[in-house]
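Let me begin by presenting the structure, written as structure tokens, before commenting on it.
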């Protein structure tokens, strides 16, 4: 029986819950145990709070486990993330990284670029939208960078001019969505659609649009990313979004760490996990003007 530790933050979000539940179920079916080291050190909380919350990871002795699965980019305090990564690298214990390539570790990654490309193509081609604002994620995270690049590339492919006044830096928070809509309204530049790099910002955008008298999706379409249940519940408009296949992510992580523990051949670089677009009620059918 293999004993595996999982290190992550963010289990208040439904997708992280699904990931961990998938690992526990899959590992138990194959004879083994999962031990979860988790804190709620969200990227919006203060440095002092996060440093205190991250002390939970000091309880982890890597040598107590056969292998470790690290969701690195969920650890939003960079210095503490570096400290955890270095401890795991120095331990010599087999480690798999989820979502971000890390030296000395295998990697299971979601194809953020392809997924956001599909979303932007969908908004333009299926719903006829051309005037599109974008709310980016934190610049230091690779998933945000890939999603933003996909947005820019698809605009170019579709012949839609990129407008820097419709590209906003965000931080994956509900407040980022509300702020961007307030700025767009202040500038009298409300677009046909707002594409958000996650569902939290989409929820914030929808709430602020409604507070300012705009109808979603009749006046403005809004899409998110990740299919979080929590932010979707903040609005009365179900959010069109893109969902990572967390069960496949969990299965791939367990299979890969077991192979690494057993010194069996495994894909050392990146095993890509895909997902699917989920159409809900936040996007309106439109026709491109001739």
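Numbering (my numbering), first residue to last: 152 to 441. Every residue gets a Cβ at the ideal spot worked out from N, C-alpha and C, and that includes glycine. These numbers come from a predicted model, not from an experiment.
Point to revise | Inter-residue Cα distance where the pair is residue 271 and residue 225 | key: Looking up residue 271 in the chain shown gives position 120. Looking up residue 225 in the chain shown gives position 74. If you take the alpha carbons of residue 271 and residue 225, they lie about 25 Å apart.
Exercise for review: State the Cα-Cα distance for the pair residue 388 and residue 372, rounded to the nearest angstrom.
Suggested key: Along the chain shown, read from residue 1 onward, the residue named residue 388 stands at position 237. Along the chain shown, read from residue 1 onward, the residue named residue 372 stands at position 221. In a straight line, the C-alpha of residue 388 is about 11 Å away from that of residue 372.
Check your understanding: Whole-angstrom Cβ separation of residue 434 and residue 391, contact assumed at under 8 Å?
Key -> The residue labelled residue 434 in the question sits at position 283 within the chain shown. The residue labelled residue 391 in the question sits at position 240 within the chain shown. A Cβ-Cβ separation of about 5 Å places residue 434 in contact with residue 391 under the 8 Å criterion.
Point to revise | residue 164, DSSP secondary structure in three states | key: Counted from its first residue, the chain shown places residue 164 at position 13. In the structure shown, residue 164 sits in coil (DSSP, three-state: anything other than H, G, I, E or B).
Point to revise | Rounded C-alpha distance that separates residue 363 from residue 411 | key: Along the chain shown, one-based indexing puts residue 363 at 212. Along the chain shown, one-based indexing puts residue 411 at 260. If you take the alpha carbons of residue 363 and residue 411, they lie about 54 Å apart.
Check your understanding: By DSSP, does residue 386 sit in helix, in strand, or in coil?
Key -> Indexing the chain shown from 1 puts residue 386 at position 235. Residue 386: coil per DSSP, three-state reduction.
Exercise for review: Have a look at 277, 365 and 356 and flag the residue whose alpha-carbon is nearest the alpha-carbon of residue 375.
Suggested key: Taking the chain shown and counting its residues from 1, the one referred to as residue 375 is at position 224. When only C-alpha atoms are compared, the closest one is 356.
Point to revise | Which listed residue (296, 274, 239 and 284) has its alpha carbon closest to that of residue 429 | key: Locating residue 429 in the chain shown gives position 278, where the first residue counts as 1. The shortest C-alpha separation from residue 429 is found at 274.
Practice item. Assign residue 169 to buried or exposed, taking buried as 16 or more other Cβ atoms, counted over all protein chains shown, within 10 Å of its Cβ. Key: Counting from 1 along the chain shown, the entry for residue 169 is found at position 18. Its Cβ being crowded by 16 or more others within 10 Å, residue 169 is buried.
Exercise for review: Using 10 angstroms around the beta-carbon of residue 427, count the other beta-carbons present and answer buried if the total reaches 16, otherwise exposed.
Suggested key: Numbered from 1 along the chain shown, position 276 holds the residue referred to as residue 427. Exposed, because fewer than 16 other Cβ atoms sit within 10 Å of the Cβ of residue 427.
Exercise for review: Check the C-beta distance from residue 186 over to residue 162 and give it rounded, since I have them as a contact under 8 Å.
Suggested key: For the purposes of this step, residue 186 is taken as residue 35 along the chain shown, with counting starting at 1. For the purposes of this step, residue 162 is taken as residue 11 along the chain shown, with counting starting at 1. Wrong, their Cβ atoms sit about 14 Å apart, outside the cutoff.
Point to revise | Distance, residue 220 Cα to residue 254 Cα | key: Your numbering for residue 254 matches position 103 in the chain shown. Your numbering for residue 220 matches position 69 in the chain shown. Take the alpha-carbon of residue 254 and the one of residue 220: they are about 14 Å apart.
Check your understanding: Can you tell which of 181, 156 and 261 has the C-alpha that lies nearest to the C-alpha of residue 210?
Key -> For this step, residue 210 is matched to residue 59 along the chain shown. Taking only the C-alpha atoms, the option nearest residue 210 is 156.
Exercise for review: Please classify residue 222: does DSSP put it in a helix, a strand, or coil?
Suggested key: Indexing the chain shown from 1 puts residue 222 at position 71. Under the three-state reduction of DSSP output, residue 222 falls in the coil class, being neither helix nor strand.
Exercise for review: Determine the DSSP secondary structure at residue 431, reduced to helix, strand or coil.
Suggested key: One-based indexing of the chain shown puts residue 431 at position 280. Three-state DSSP puts residue 431 in coil, outside helix and strand.
Check your understanding: Is the beta carbon of residue 333 less than 8 Å from the beta carbon of residue 301?
Key -> What you label residue 333 is simply residue 182 of the chain shown in a count that begins at 1. What you label residue 301 is simply residue 150 of the chain shown in a count that begins at 1. In this structure, residue 333 keeps its C-beta atom at 8 Å or more from the C-beta atom of residue 301.
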